[in-house]
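Position 71 (the sequence shown) corresponds to 71 in this note's numbering; numbering is contiguous.
For glycine and all other residues, C-beta sits at the position ideal for the given N, C-alpha and C.
Quick caveat, the model's predicted, so the values are computed rather than measured.
Shown next, in structure tokens, is the structure this report addresses.
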Amino acid sequence: MLGIKQDTFEVAVLILIENSSKKSEYLKLISNIISGERDDSVLDLTDEKFWNIKQLFEISDLELEAKLQKEGQEKQALVDLVIEHMALLGTRS
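Written out as structure tokens, the structure reads:
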């Protein structure tokens with residue numbers, strides 16, 4: 001399950017804006033709302049996160065192998081497959 005729970009200590013925030021000059025303004029606002037220390041390393045795709053994401057999105061070894069033959073890098077292949085799976089979720093009714 002994805003989301004913030006009471007025992008969550010690591011949070012990733014994604015800011016999507018057209019005007020990049022406002023990026024720091026929004027980052028500052030979020031930093032004021034969420035207490036703690038900024039640590040960009042939580043975004044690193046560790047081996048543990050890799051296998052958890054693979055399982056969460058039900059990405060088969062066959063899918064990953066096929067993508068690896070094309071891409072060559074395991075972590076990038078997983079990212080690409082997650083994006084594909086997310087796009088497919090929007091088409092299911």
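Determine the direct distance from the alpha carbon of residue j to that of residue i, and round the result to whole angstroms.
| i | j | result |
| --- | --- | --- |
| A87 | I53 | 16 Å |
| N19 | L45 | 28 Å |
| M1 | D61 | Any reading at M1 must be qualified, since the residue scores a pLDDT of 44, below 50, and its modelled position is unreliable; the value itself is stated next. Their backbone Cα atoms lie some 21 Å apart in a straight line. |
| K28 | L81 | 32 Å |
| E48 | I59 | 15 Å |
| T91 | I83 | 13 Å |
Grouping DSSP H, G and I as helix and E and B as strand, with all else coil, what is residue i?
| i | result |
| --- | --- |
| L79 | The residue asked about is misnamed: residue 79 is Val in this sequence, not Leu. If DSSP states are grouped into helix, strand and coil, V79 belongs with the helices. |
| Q69 | helix |
| I59 | coil |
| D40 | helix |
| D7 | coil |
| S31 | helix |
Below 6 Å CB to CB, which residues in the same chain sit around residue i once its five sequence neighbours on both sides are set aside?
| i | result |
| --- | --- |
| H85 | F57 |
Please return the same chain residues whose Cβ sits closer than 7 Å to the Cβ of residue i, not counting the five positions on each side in sequence.
| i | result |
| --- | --- |
| E10 | V42 |
| A12 | V42, L43 |
Near residue i, what residues of its chain come up, given a Cβ to Cβ distance below 8 Å and the 5 sequence neighbours on each side ignored?
| i | result |
| --- | --- |
| R38 | S31 |
| F50 | E74, K75, L78 |
Nearest CA to the CA of residue i: which residue from the options?
| i | options | result |
| --- | --- | --- |
| T8 | G36, L27, L14, W51 | G36 |
| D40 | E65, L14, L68, L89 | L14 |
Give a yes or no on whether the C-beta atoms belonging to residue i and residue j are separated by under 8 Å.
| i | j | result |
| --- | --- | --- |
| Y26 | I17 | yes |
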